[in-house]
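What follows is a single structure, written as structure tokens, with notes after it.
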Amino acid sequence: MPPPNKTYPDFASAVADIPDGATIMIGGFGAGTPHNLIKALYEQGAKDLTLILNAAGTGRDPGPGPAHVTPSTLIEARRVRKAIMAFTASTHPSRTTPVEELQEAGEMEAELVPQGTLAERIRAGGAGIPAFYTPTAVGTELAEGKEHRVFNGRTYLLYEALTADYAFVRAWHADEFGNLVFRRAERNFNPLMAMAARCTIVETEEILPIGALDPDHIHTPGIYVSRIVQIPPDGIFHITRGPAGGAAQQGR
Amino acid sequence: MPPPNKTYPDFASAVADIPDGATIMIGGFGAGTPHNLIKALYEQGAKDLTLILNAAGTGRDPGPGPAHVTPSTLIEARRVRKAIMAFTASTHPSRTTPVEELQEAGEMEAELVPQGTLAERIRAGGAGIPAFYTPTAVGTELAEGKEHRVFNGRTYLLYEALTADYAFVRAWHADEFGNLVFRRAERNFNPLMAMAARCTIVETEEILPIGALDPDHIHTPGIYVSRIVQIPPDGIFHITRGPAGGAAQQGR
Amino acid sequence: MATQEKTRLTRDLMAARIAAEFQDGWIVNLGVGMPTLCSDFLPADRFIVLHSENGLIGYGRNATVEEATPYVVNAGTFPVLLQPFASIVHHADAFAVIRSGRLDVGVLGAYEVGANGDLANWKTSREKKGGGIGGAMDIAACAQRIYVLMEHTTRDGKPRLLERCNLPITAAGVVKLVMTDLGLFEPNGEGFTARELAPGFTLEEVQALTGAPLRPAPDMREVQIR
Amino acid sequence: MATQEKTRLTRDLMAARIAAEFQDGWIVNLGVGMPTLCSDFLPADRFIVLHSENGLIGYGRNATVEEATPYVVNAGTFPVLLQPFASIVHHADAFAVIRSGRLDVGVLGAYEVGANGDLANWKTSREKKGGGIGGAMDIAACAQRIYVLMEHTTRDGKPRLLERCNLPITAAGVVKLVMTDLGLFEPNGEGFTARELAPGFTLEEVQALTGAPLRPAPDMREVQIR
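Going down the list, the protein sequences come from chains Z, X, R and U.
Using my numbering, the letters of the first sequence correspond one by one to residues 109 to 360.
Using my numbering, the letters of the second sequence correspond one by one to residues 109 to 360.
Using my numbering, the letters of the third sequence correspond one by one to residues 22 to 247.
Using my numbering, the letters of the fourth sequence correspond one by one to residues 22 to 247.
This is how it looks when you write it as structure tokens:
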């Protein structure tokens, strides 16, 4: 029998069942961010969320119009209980982020993880590895309270894997079974998160018939994908840095 | 400046500097085995080797002619000090392998590792992860003496990473920089070993000019590859199961 | 039924019968040897994803000589065909599928199965140093369930279904179903529950070839493919 | 030289000068901010592979507005161009390159550098809970060497080159070279060795803006790109 068609008609239906308290991984590193799913989640209303992602966006500078909802928008709306990220503060020391403010105020929990360790914890979650050792962060404030262990004369820290209830993923192409291809730097965290979540929801520029993708070129096997939405012509395709450094939304 | 051209003229020159005592990873799982490099190593003469590979081949049934040298041929020639493998015995209980005999006789060391753990140890070696936990082999003879640890109520075993001095890799296509593309089931251990060795030597069906491969389709970045040899028309392209289950050598 | 000729099941029939247990949407790994025959007998009305240790996700039936390529082989290195929805991953990612619990079933060969669900399939004697584990230990430890496909007895007629395994185990308590040339059995802790028997065989006859108490299932019947 | 006008180095000059240190065949990671400018000043006679945390292996100079695509961006999410030998990996594999020690150098921005080579670049106060680590902690811990590219002083004129870092460190003892708008410096344990100074500046003038003893290199000179 042929595989099920995992296509959903729109973003609202694809995120409709996400309950309060869910843990959600959100892909993207500048490029490859599932903006439409983030926006749909914002409109859906789920709260008490745990987010696992690289960075939440500035929140204060959400770009042109209501289309540009970032994870920081969810955080500012007090709908995030905990965030696990590689940036809880802005890289610009003069700015503060919603995460910093709510964390200082004791209104949310934020776990700061070096980016490579974050990626590896997500990879471990998808690979059935419960924990691993890494040399990163030894000798820093982040190592306080962590298990230290020496292998071959070098000191490492123990970290546990991360998994999630949902992953929001942005792909270039998908087929109807959910096989995914990413384009260039849009790949980043997306294939790792697709493997680490129980329900992976994908937004993609184009859904192709089964058989259209070369099996050797597929970055994420369809077995990891539950739902696929094709970005409509009026959806968000890219948000890039504008000439002045601000965000600029791009159509196809 | 353009990248260096890593092409070597033949297999002999590509393996010429491998010293006695070297640790060598050998890719392949039926398909994707670097037969020509194994043969060149056999002819080169290095001994006291440590091999890391899935299985050594039967040795007793080397297929048609002297062309078909397997890792078992090296083992029978007493040139392997230690092997780390997922099969040290044949899957047919009635047959014995050279590894078994030499191991029983105390003439070589053999470390038996479940295949997924073997793949993950190699992956860890390439990823700078010194050790990780896995659920595989808990409760078995292999778990004796290993560190056990409970995460979230389940018991896991600690394994350390594997690295090597050399990796022998079989790719479908390579470019002159060493970017590699594998075809179908030939991928298997090859890209993992390419990352875990200090010097990765590749045999490939075809060497293409730089720029011929789509960056999104490359399975092994060229930074992991040191030497590339194009299989000549009279080289070994594939060794497949013959009609009677024996090995049959195939040209291009 | 008592007068019917006794017929041990063929390897193909055994493979077809166990394949009929695969449910719609399952991800299935077929072990080297007899289990790989299952790929020729997948239920036509269900969507099944066959996964192989070498990284094929979504392969199908065994290839004919004309169809075979050296690039597309199963875990036993026999040529197979890819399904249209297939994808390929490397060996570590292939075992990521396994270790993360995504296999709905692993079908494995075995030397022995215990009434407690223990599986022994990597070593033919306690004394031998070596063994052939391959991917079986990962699959046995991590799949949602393990089905075993094996001859009911050894070549010299000794039982393979036992109260406890004599050989070193591959994983403890994981076998849910055993398909042999004498029928379909479930480990039940003290022995095995016979769900189906090969044509012409009585429970007593099969019990005589089994190393643990056999109990008939309430609806025990002759082996039926569907 | 004493009468020469004092000229703090521009960001482009700083980037070009540190890029001139990259040796043939090096794999280089350029941190967010000033370091990414280096991609426009790679030595033309050497083969350099630029690596980015987001998985680009082999990118090149910054893209013009006409050349830019939303798909090809560096770690700072600014559009860049791919080299013809480029390949792409996912985030975990991008950090596999880093953690396995394959980066010949990581060029990072910093808030402070200690005379002992300590790097502080993820947190602007000890009291704050949050921070912006990104990939810097992995790079600092695992690259063969770290070069720092930063302003010599803070906005209110305080030194950033110190005997010991005041801020929480990113990694201990990893910085080999510091390029500032006042020159090129090497941490030497007790202070910094000045290899090159910005045009018109004397060692004494730079010492006054530095929080640790400055020692002139035997061949100390004015900053030269090559």
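Note that CB positions come from ideal geometry on N, CA and C, so glycine has one too.
For R242 of chain R, the three-state secondary structure derived from DSSP is strand. By a beta-carbon distance limit of 8 angstroms, F195 of chain X does not contact I190 of chain R. Their separation comes to about 18 angstroms. Shown here, S73 of chain R sits in coil according to DSSP, grouped into three states, outside any helix or strand. Listed along chain X is no residue with a C-beta nearer than 7 angstroms to that of F222 of chain U; the closest approach is about 33 angstroms. Among the bridge pairs identified by DSSP, Y241 of chain X is matched with X:L266. Per DSSP, the continuous alpha helix (DSSP H) segment holding D159 of chain R begins and ends at A157 to C163.
For the set U:L188, U:N187 and U:L183, the Cα lying nearest the Cα of F206 of chain U is the one of U:L183.
According to the DSSP secondary-structure assignment, V337 of chain X is paired through a beta bridge with X:E311. For the region 282-299 of chain X, the beta-carbon criterion of a distance under 8 angstroms to any beta-carbon of chain U is satisfied by D283, F285 and N287.
For N298 of chain X, there is no enclosing beta strand (DSSP E); the residue is part of the alpha helix (DSSP H) that begins and ends at N298 to A304. With a cutoff of 9 angstroms on beta-carbon distance, N296 of chain Z and H112 of chain U are scored as near each other. Shown in chain order are the members of the region 57-68 of chain U whose Cβ falls below 7 angstroms from a Cβ of chain X: A65, D66, R67 and F68. Interface criterion not met: the Cβ of I336 of chain X is under 9 angstroms from no Cβ in chain U.
For Y267 of chain Z, the closest C-alpha among the options Z:A302, Z:N287 and Z:Q223 is that of Z:Q223. Taking a Cβ-Cβ cut-off of 8 angstroms, the neighbours of I237 of chain Z in chain X comprise E228, F240, Y241 and T242, given in sequence order. For chain R, the residues of the region 124-153 of chain X that bring a beta carbon within less than 7 angstroms of one of its beta carbons are F137, G138 and A139, in chain order. Between A130 of chain Z and A163 of chain Z, the alpha-carbon positions lie close to 18 angstroms from each other. Pairing T244 of chain Z with A162 of chain U, the inter-Cα distance amounts to about 5 angstroms. Using a C-beta cut-off of 8 angstroms, the region 133-146 of chain U makes contact with the region 185-199 of chain U, since at least three inter-stretch Cβ pairs fall below that distance. Taking a contact to require three or more Cβ pairs closer than 8 angstroms, the region 248-258 of chain Z and the region 272-281 of chain Z do not qualify as touching. Bounds of the alpha helix (DSSP H) holding L145 of chain X are H143 to Q152. As a beta-bridge residue in DSSP terms, L157 of chain Z pairs with Z:V188. Contact between V244 of chain U and P208 of chain U does not hold, since their C-beta atoms are separated by about 18 angstroms, which reaches or exceeds 8 angstroms. According to the DSSP secondary-structure assignment, N209 of chain R is paired through a beta bridge with no residue. About 22 angstroms separates the beta carbons of T57 of chain R and G122 of chain R, which is beyond the 8 angstroms limit, so they are not a contact pair.
Under DSSP, the beta-bridge partners assigned to R236 of chain U are U:T214. If only complete runs of 4 or more residues are kept, the region 80-162 of chain U shows the alpha helix (DSSP H) at 112-120, in order along the chain.
Around A269 of chain X, the same chain offers R229, A232, G233, I237, P238 and A239 as residues with beta carbons nearer than 7 angstroms, after the five sequence neighbours per side are excluded. Counting other Cβ atoms within 10 Å of its Cβ, P239 of chain R stays below 16 and is therefore classed as exposed.
Listed in chain order, the positions of the region 209-221 of chain Z with a beta carbon within less than 9 angstroms of a beta carbon of chain X would be empty, since no residue qualifies.
With a contact defined as Cβ atoms closer than 8 angstroms, G130 of chain U and M35 of chain U miss out at about 11 angstroms. In the displayed model, L30 of chain U falls within coil according to three-state DSSP, outside both helix and strand. Three or more Cβ pairs closer than 8 angstroms define a contact, and the region 314-322 of chain Z falls short of that threshold against the region 316-323 of chain X. In the three-state reduction of the DSSP assignment, M35 of chain U falls in the helix class, which pools H, G and I. Between G330 of chain Z and P142 of chain Z, the C-beta gap is not smaller than 9 angstroms, which leaves the two residues out of contact. As far as DSSP is concerned, D324 of chain X takes part in no beta bridge.
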